[in-house]
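For the sequence shown, position 27 matches number 27 in the UniProt record's numbering, and the numbering has no gaps at all.
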Amino acid sequence: MLKGTVKFFSDIQEYGFITSEISNQEIFVYASGLIDNIQKNDQVIYNIAFDLDGAYAINVKLA
């Protein structure tokens, strides 16, 4: 699993971004990819999945 920090997450819009600890890249996250509830600045661990639009975080939980 990868580690990162929640940069932004909207419960209303059901998406957000995680900043990767390793690469400082922003990874998109859908609300459906969450195990735990998250908010800005939370430290999280996650896996990466891919679709036609690129990479996104799945299995996101608090670190």
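Heads up, the beta-carbon is just placed ideally off N, CA and C, and yes, glycines get one too.
Check: What do you get for Leu34, buried or exposed, if any count of 16 or more other CB atoms within 10 angstroms of its CB means buried?; Outcome: buried
Check: Tell me the DSSP bridge mates of residue 85?; Outcome: Here the chain covers residues 1 to 63 and nothing more, so residue 85 does not appear.
Check: With DSSP run on the structure shown, which of helix, strand or coil describes Ala63?; Outcome: coil
Check: Starting from Glu14, follow its DSSP beta bridges and name the residues at the other end.; Outcome: According to DSSP, which records beta bridges pairwise, Glu14 is partnered with nothing at all.
Check: For the candidate residues Ile27, Gly16, Leu62 and Tyr46, whose alpha-carbon lies nearest to that of Asp36?; Outcome: Leu62
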